[in-house]
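Protein chains in written order, with our numbering: chain A, 22 to 169; chain B, 22 to 169.
There are 2 protein chains.
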Amino acid sequence: MTLMIKPIDFIDDYLAYLLARSSHLVSEQFHRQIQAQGWSTNYWRILASLSDVEALTLTQLNQRVLFKQPTLSKLVVKMEAEQLLVRHKDDADKRSVKIAISATGRTLVADLLAQAKAHEAKVLEDYSEEQQQLLKSMLRGLVVHLQE
Amino acid sequence: MTLMIKPIDFIDDYLAYLLARSSHLVSEQFHRQIQAQGWSTNYWRILASLSDVEALTLTQLNQRVLFKQPTLSKLVVKMEAEQLLVRHKDDADKRSVKIAISATGRTLVADLLAQAKAHEAKVLEDYSEEQQQLLKSMLRGLVVHLQE
DNA sequence: CTTTTTTATATGAAAATGAATACAACTACT
DNA sequence: AGTAGTTGTATTCATTTTCATATAAAAAAG
Numbered sequence: 022m023t024l025m026i027k028p029i030d031f032i033d034d035y036l037a038y039l040l041a042r043s044s045h046l047v048s049e050q051f052h053r054q055i056q057a058q059g060w061s062t063n064y065w066r067i068l069a070s071l072s073d074v075e076a077l078t079l080t081q082l083n084q085r086v087l088f089k090q091p092t093l094s095k096l097v098v099k100m101e102a103e104q105l106l107v108r109h110k111d112d113a114d115k116r117s118v119k120i121a122i123s124a125t126g127r128t129l130v131a132d133l134l135a136q137a138k139a140h141e142a143k144v145l146e147d148y149s150e151e152q153q154q155l156l157k158s159m160l161r162g163l164v165v166h167l168q169e
Numbered sequence: 022m023t024l025m026i027k028p029i030d031f032i033d034d035y036l037a038y039l040l041a042r043s044s045h046l047v048s049e050q051f052h053r054q055i056q057a058q059g060w061s062t063n064y065w066r067i068l069a070s071l072s073d074v075e076a077l078t079l080t081q082l083n084q085r086v087l088f089k090q091p092t093l094s095k096l097v098v099k100m101e102a103e104q105l106l107v108r109h110k111d112d113a114d115k116r117s118v119k120i121a122i123s124a125t126g127r128t129l130v131a132d133l134l135a136q137a138k139a140h141e142a143k144v145l146e147d148y149s150e151e152q153q154q155l156l157k158s159m160l161r162g163l164v165v166h167l168q169e
């Protein structure tokens, strides 16, 4: 496993492209796996984002899932109808909608989370523990840096 | 600039999410900049992918831009109508369409490439040269690894 | 050679997306 | 309090995207 691979042309030395491409490649297989089970990747992203918090407002959830607000707004209404999550008005701010995962959603996401972890392990199986941590912490650093 | 940032919950230790999030954050600003000039990000991605090659088939181009085939097919027809690129049948394989950037497209992309480089420099301004190279080469390694 | 299978692209109908906007509730001033 | 500006969410409608499929050419099999 060498980490030193030289760029060939513009695209291979352009950070935005390297991120987009690696993101795409990493997610692609897993998304197919999810879809084969009848679930949309949007659902997976939303449920995963809700899995480790009590509740989030639509805006907060949107910062995690990276959709456009109208897109998320519609998805969340649909998912509530399917009992995967619960929406209720925020008492502190009556404009806001608090969104929380439901019991059904929790069962589903537990399964998907296990699959996601297994998939990631497979993706990174040739990397040492140190390399894995280095890669992830560089990305976390980039995220923090870009959010100001 | 520390690179060691610890994960908090699932999402912050999940490679696919870290990649998606950092990719989104890096591209977002630049895409807004492009759109403010009246260009779609799809056009930018296609032109950038064509900028440093003579010609690519639709399939080859699609491997770079990461769209769905019908999406690219339609975009490319539209861009030919706008004189940004040229399509012609491949002599070697008559099913294939070879796509090449036009003179007009080349002028446009030269401008956009300069902007992209400037934007990237800004994004990475707090990183040392070593850190930049490490980050990029890890991502290149990941891409190569995932493509088999 | 046929026949079958695979590959490359295009297209049409249906679904998803997003820009613009509406509306209600909150905040900051005066 | 009253007004002006801001923020959070929903909705509309035009555009974009995609699934499914068609078509034609190449490759593989028989």
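Glycine included, C-beta positions come from ideal geometry on N, C-alpha and C.
Residue range 106-110 is occupied by the beta strand (DSSP E) that includes L106(A). Within the segment 49-72 of chain B, F51, A69, S70, S72 place their CB atoms closer than 8 Å to a CB of chain A, listed in sequence order.
Residue-level contact by beta carbon fails for I122(A) and chain B, as no gap is shorter than 8 Å. In this structure, S94(A) keeps its C-beta atom at 8 Å or more from the C-beta atom of L82(A). When Cβ pairs closer than 8 Å are counted between the two stretches, the segment 155-168 of chain B is seen to touch the segment 43-51 of chain A, the count reaching three or more.
Residue-level contact by beta carbon fails for A76(B) and chain A, as no gap is shorter than 8 Å. With 16 or more neighbouring CB atoms inside 10 Å of its own CB, G162(B) falls in the buried class. Inter-residue distance for V144(A) and S72(B) is about 31 Å (C-alpha atoms, whole angstroms). Closest option to Q104(A), judged by alpha-carbon separation, among D114(A), I120(A), T125(A), S117(A): T125(A). Our two residues, R53(A) and Y64(A), have alpha carbons roughly 13 Å apart in a direct line.
DSSP places A76(A) outside both helix and strand once states are collapsed to three, so it counts as coil.
Look at the segment 123-139 of chain B: the residues with a C-beta under 7 Å from a C-beta of chain A are L134, A137.
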